[in-house]
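Read the structure below first, then the notes.
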Amino acid sequence: MNPFSINKNAVNTLSALLVVRRRRRRRQRKYWVHPIVSERTIKGNFALLHSHLKEYPDKFFEYYRMSIASFETLLSKVEDSIRKSDTVMRNCISAEEKLAVTLR
Numbered sequence: 001m002n003p004f005s006i007n008k009n010a011v012n013t014l015s016a017l018l019v020v021r022r023r024r025r026r027r028q029r030k031y032w033v034h035p036i037v038s039e040r041t042i043k044g045n046f047a048l049l050h051s052h053l054k055e056y057p058d059k060f061f062e063y064y065r066m067s068i069a070s071f072e073t074l075l076s077k078v079e080d081s082i083r084k085s086d087t088v089m090r091n092c093i094s095a096e097e098k099l100a101v102t103l104r
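Residue numbering for the sequence shown follows full-length UniProt numbering, beginning at 1 and increasing consecutively.
Right, dumping it as structure tokens:
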């Protein structure tokens, strides 16, 4: 047997072993959007609380420090400047939610 052919076989075997080990060691991929963030529209503070606060004007006033009518008036004035559009990749945060977070 040629001594170089043994080394070629050993090199091929070791390189195949390295490829297998690297595939096993790959890090787990990170999220594009974390599940907590993706559930924001359903389980988020704004989604759960804002609609309930509108049913109780006194609690709405305590929470936002303004009446529902004032909130709606302010929203109508600033909505065009703070509104973004949805993209294929993700939904935007609504102007109403942005205003609520700013006031809170």
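Beta carbons are placed, not taken as given, at the ideal position from N, Cα and C, and that holds for glycine. All of these numbers come straight from a predicted model, not from anything done at the bench.
Contact check for TYR64 and LEU103: beta-carbon distance about 5 Å, within the 8 Å limit, so the pair qualifies. Boundaries of the alpha helix (DSSP H) harbouring HIS50: 45-55, taken from the DSSP string.
Looking at the backbone, the Cα of LEU75 and that of PHE60 are separated by about 15 Å.
Distance from the CA atom of HIS52 to the CA atom of LEU18, rounded to whole angstroms, is 59 Å.
Remark: C-beta atoms of ALA69 and ILE82 do not approach each other more closely than 8 Å. ALA47 and GLN28 have their C-alpha atoms some 31 Å from each other.
Secondary structure of ARG90 (DSSP, three-state): coil.
By the Cβ-count criterion, ALA16 is exposed, with fewer than 16 other Cβ atoms from all chains shown falling within 10 Å of its own Cβ.
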